[in-house]
Every structure is written in C-alpha cells, then in structure tokens.
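Student:
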Amino acid sequence: MAETSVAHAHDTHDHDGEEPELWEGGQSPFMASYGKIMMWYFLVSDAFTFAGFLIAYGTLRFSMPTWPEPDFVFASFPFVHAHWPLVFVTFMTFVLIFSSVTMVRAVQEGHRENQRGVVFWMFLTVLGGAVFLGSQAYEWTTLIKGENVSVTRNPFGRYVADGVLVDATGKEVVENGLPVTVKKNQSYLLHGHEHNGTIELEKKYVRYIDGQYAGQTKAVEEGPKAFGALFFFITGFHGFHVFSGVVFLAVIMLNAMGGVYASRKNGYEMVEKIGLYWHFVDLVWVFVFLVFYLL
Amino acid sequence: MAGHQTYQEQISLVFKGLGILGAITIVEVAFALFAKGHIIPSVTFGKDPGFGHVIYMLAMIGASLYKAYFIIFYFMHMAYEIRGLVWSVLFPLLLLVWAIIAFFQEGTSWGRRREFVKERNELPAQSAPVGRPQGYLLLPGVLHG
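In structure tokens form, the structure reads like this:
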C-alpha cells in the first residue's frame, strides 16, 4: 500500500520477509517515533552550542571592568525618534511567543487530522517568524548604520569615574553656561562620522575628579570590543535558526496543503517535529533576551 | 503525546501559555526598567554593584528559567513523554552547571589579571638605578638612555 510505504520510508529497503528485521523488533524506545527522538537529541546538541556561546559572552563580560548597559544600547524604535529602552526587543519577544502559540495550535489541529486548521495556524507561525526576522534586520541596521557598531568596533561604553568633559586642550566643555559632568557607570555613545570612506569616532576627553584617575585628563575610549562581535554572532546564529525554521515551516505547510501528511494518517507527525524545533528557537530567545537585554 | 487531553483542555493550555509567557515577559521588562532607574531615576539597584544587583539578577534568571520550563514541558509536550526520554534530554544539560561555574571563574580571574597589567603599565617610569644594578637582564643600551 502506498500509505504504509510513505509512513515507513526509512525501512522500505528490500528484504525477502523471512529474515527478522532488527529495527522492526519491538516497541520504539521511549514510546516515541524515531524522528521525534532524533529531533530531541538534535535540540540537545544545539542547546549546548547556544549555551557555549552564551557562556562565552558571560566569561568575556566578567573579564571587563565595564560593559555597555543594554537599556542604553537597545533603545531605538522604528519611526520614533525617542529613547525607549527595551521596548522594541519586548515587541520582538512577543512576536516569537505568539508564533510559538500558533505553532501549538497547528500541532493540535494535526492530531485531529484537520488539514485546513494545520495550514491556517502554520501560516500564522511563518508570518510571526518573518516579522521577527524583519525586526532583527531593523535592530541590526540601527546598530550598524546608525551607531557604527561592528564586530571589531564598539562605540558604547560607560565612564569609569565621576568627572567633567573637557576638549582636547583641557578646557571645560560648557553647555547652557554649565560644565558638563559625567558620573561613574554613566553610559556614553561615541558618535561616528565618515571620513575618507572610513568611520571615525568622535574624540571626547574627561577630567576625572575621583577614582584611580582623579585629577587626570583621559580620552574616552571605545567600550569593550567583544560586545559587538558577541552580539552579532549570537543574535545572528539565533536569527539563522529562525530563518531556517521559517523555510522548513513553509515547506511543511505547502506539503500539508498538498495532502502529503493527510495520506500518512499519523496525526501530522511532521508538523509535531518542526513544532519542537520552532519552540526550541523560542526557548533560546528566552536566554538570549535574558543575557543581552535584561542582565 | 497529548492524546489524553480533550480538545477544550488543549485550547485552554494555549491561552494559559500565552498568558503566562506574556505576563512574565512584561513583568521582567518592567522590573528591569524600574531597577535601572527609568521609572524612578534614583532607584538604580539593578546596575550598581551590591546586594540589590544580586537579587535583581537572580529574579531575572529565575523568571527566565520558569519560562524555559513552561515551553519545554507544555509547548514541547515533555510533560507527557515517558520518563526515560525526559531524563535523557534534560540530564546531560546538567553539565552546563559546571561550565557556567568554571568559565565565569575564569572570566573573573582574567579580568583581574587585565587590571593588574593595566596598573603596571601606567606606573610612572623609574629612573635607572645608580651603581651596578643587580637582578636585571642587561641588554645593550637599555640602561644608558
């Protein structure tokens, strides 16, 4: 029968029927199908990869005297010229939560063999993934084009002690008739401008009034360089997971539309497997959100 | 498998999940903004080192771990799998506990050495010792500046 040969595609190789097939012995381990178990173990290995990246972030952050403050760095919002800390990334988090919820619905409708339901909820899930990717593109563009962050440059930092801003000659910078003071741990962004095709960051000087540099004038340096590299690699790796998830979801949605899984009569197990992957992407975002935006 | 749940129970799980994950996220962000002085400027225990900062971090990590638990056990149906699968997936992740302890310890010590090197580099240059220096590697020209 065509149905069974599709459902057991991994053991359709020829055998004469007399020799007992090893893999057709008893129950499958853990009462779950081969595909689902293997998806779980793939996710375990992927969890270790992400954990390695996030632990590297923590290690480098612990090794630096200061680190950029997330609610200062991530504060832009599309079409609004305001300082709205963390609002946009909260929006992105909600997009992923919603697309996880629609994925749960697609899996549930699959168990009921409801083809229209599966396709509808998967379509919303794909849409959520696409909105997330678009949001991430906006976030990256703001950081790269607007604020000149790259894998080797980080204009975001924090002052190491209290002081006053001075110019290159040591004269105090005056704004509205008052000297400009800076506080310990206060965040700064060194604005960049293009000069002969390369980005140059503005020069700022601080005369410190306490801390180990009290009385000295020092140039304000770039923040920890590792920040940019870690941010782009880790959110990029996660974004790539979202992207491949969107591609797989779209393919499986089209297959479901074409009736491929309806003919298998196994409760749309393929939808369940891609659902596991999609929830994992949301799960990783929980931790990316924690370490990059909350801590 | 979620086969033993009624359809109504499944639907209510979806709304429950949306409510729990959404509410925790909103509380986390609101607490972050509060603790970092965006709501009351003088309240900054979320970024100043100290006891308040530790409490802040533990609260954030705890809330995120609860979100992770909910996603794994209810959205990914781990709660309905048999125990062997649950253990074979979750148990290996305990290795990460040691990875976190070891690497963060390493990072802290790396930072201390970085500070030490920086301090030494910023010491004022000492004039060459008078007389015959002892315990110095004498390179031609080094002490005759």
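First to last, the sequence lines map onto chains A and B. Just so we're aligned, residue 26 is where the first sequence starts under my numbering, counting upward by one. Just so we're aligned, residue 32 is where the second sequence starts under my numbering, counting upward by one. For glycine and all other residues, C-beta sits at the position ideal for the given N, C-alpha and C. Note that this is a predicted model, so its numbers are computed, not measured.
Can you list the residues of chain B that A/VAL69 reaches, using a CB-CB cut of under 8 Å?
Tutor: Position 44 of the first sequence holds residue 69 of chain A. Residues of chain B passing the Cβ test: VAL120, PRO123 and LEU124.
Student: Just the C-alpha distance for A/HIS304 and A/SER125, rounded to the nearest angstrom, thanks.
Tutor: The residue you call residue 304 of chain A lines up with position 279 of the first sequence. The residue you call residue 125 of chain A lines up with position 100 of the first sequence. Looking at the two C-alpha atoms, the distance is approximately 6 Å.
Student: My understanding is that A/VAL272 touches A/ALA155, with C-beta atoms under 8 Å, so please give their C-beta distance in whole angstroms.
Tutor: Here residue 272 of chain A refers to the residue found at position 247 of the first sequence. Here residue 155 of chain A refers to the residue found at position 130 of the first sequence. That belief does not hold up - the Cβ atoms of A/VAL272 and A/ALA155 are roughly 11 Å apart, past 8 Å.
Student: For A/MET56, go through chain B and note every residue whose CB falls closer than 7 Å to its CB, in chain order.
Tutor: One-based indexing of the first sequence puts residue 56 of chain A at position 31. In chain order: ILE113.
Student: Mind listing which residues of the segment 50-74 of chain B have their C-beta closer than 7 Å to chain A's C-betas, in chain order?
Tutor: So the list reads LEU52, GLY53, THR56, GLU59, VAL60, ALA63, LEU64, LYS67 and HIS69, given in the order they occur along the chain.
Student: Taking only beta carbons into account, state which residues of the segment 138-154 of chain B come closer than 7 Å to chain A, listed in chain order.
Tutor: Against chain A - using a Cβ distance shorter than 7 Å - the residues of the segment 138-154 of chain B are GLY138, THR139, TRP141, GLY142, ARG145 and GLU146.
Student: Could you give the C-beta distance for A/TYR213 and A/GLY236, rounded to a whole number, given that I count them as a contact under 8 Å?
Tutor: Here residue 213 of chain A corresponds to residue number 188 of the first sequence, with the count starting at 1. Here residue 236 of chain A corresponds to residue number 211 of the first sequence, with the count starting at 1. No, A/TYR213 and A/GLY236 are not in contact; Cβ-Cβ is about 16 Å, not under 8 Å.
Student: Check whether the segment 252-267 of chain A touches the segment 154-174 of chain A, taking contact to mean three or more Cβ pairs, one atom from each stretch, closer than 8 Å.
Tutor: The segment 252-267 of chain A is in contact with the segment 154-174 of chain A.
Student: By the criterion of Cβ-Cβ separation under 9 Å, what are the contact partners of A/ARG130 in chain B?
Tutor: For the purposes of this step, residue 130 of chain A is taken as the residue at position 105 of the first sequence. Those within 9 Å of A/ARG130 in chain B are GLN41, ILE42 and VAL45.
Student: To the nearest angstrom, how far is it from the Cα of A/ALA167 to the Cα of A/ALA131?
Tutor: As a working mapping, residue 167 of chain A is identified with position 142 in the first sequence. As a working mapping, residue 131 of chain A is identified with position 106 in the first sequence. Position check: residue 167 of chain A holds Thr in this sequence, whereas Ala was assumed. Their Cα atoms are separated by approximately 34 Å.
Student: Which class does B/PRO123 belong to by DSSP, given the choice of helix, strand or coil?
Tutor: Position 92 of the second sequence, counted from the first residue, corresponds to residue 123 of chain B. It is helical.
Student: Could you tell me how far apart the beta carbons of A/ASN210 and A/TYR184 are, in whole angstroms, since I believe they sit closer than 8 Å?
Tutor: Taking the first sequence and counting its residues from 1, the one referred to as residue 210 of chain A is at position 185. Taking the first sequence and counting its residues from 1, the one referred to as residue 184 of chain A is at position 159. A/ASN210 to A/TYR184, Cβ: 7 Å. Contact.
Student: Rounding to the nearest angstrom, what Cα-Cα distance links A/THR37 and B/MET107 in this structure?
Tutor: In the first sequence, the residue the question calls residue 37 of chain A occupies position 12. In the second sequence, the residue the question calls residue 107 of chain B occupies position 76. Confidence is the limiting factor: at A/THR37 the pLDDT is only 44, short of 50, which leaves the residue's position unreliable and the question unanswerable from this model.
Student: Assign A/TYR230 to one of three DSSP states: helix, strand, or coil.
Tutor: Indexing the first sequence from 1 puts residue 230 of chain A at position 205. Strand at A/TYR230.
Student: Within 10 Å of its beta-carbon, does B/ARG114 have 16 or more other beta-carbons around it, so buried, or fewer, so exposed?
Tutor: Within the second sequence, residue 114 of chain B is the residue found at index 83, counting from 1. B/ARG114 should be labelled exposed.
Student: Applying the criterion that 16 or more other CB atoms from any shown protein chain within 10 Å of the CB defines a buried residue, is B/HIS175 buried or exposed?
Tutor: By 1-based counting over the second sequence, the position of residue 175 of chain B is 144. Low per-residue confidence applies at B/HIS175: pLDDT is 47, beneath 50, and the placement is therefore not dependable, though the value from the model is reported in the following sentence. When all chains shown are included, B/HIS175 counts as exposed.
Student: Along chain B, in chain order, which residues have C-beta atoms closer than 9 Å to that of A/MET295?
Tutor: The sequence position of residue 295 of chain A within the first sequence is 270, counting from 1. Here the premise fails: no neighbours, minimum Cβ distance about 15 Å.
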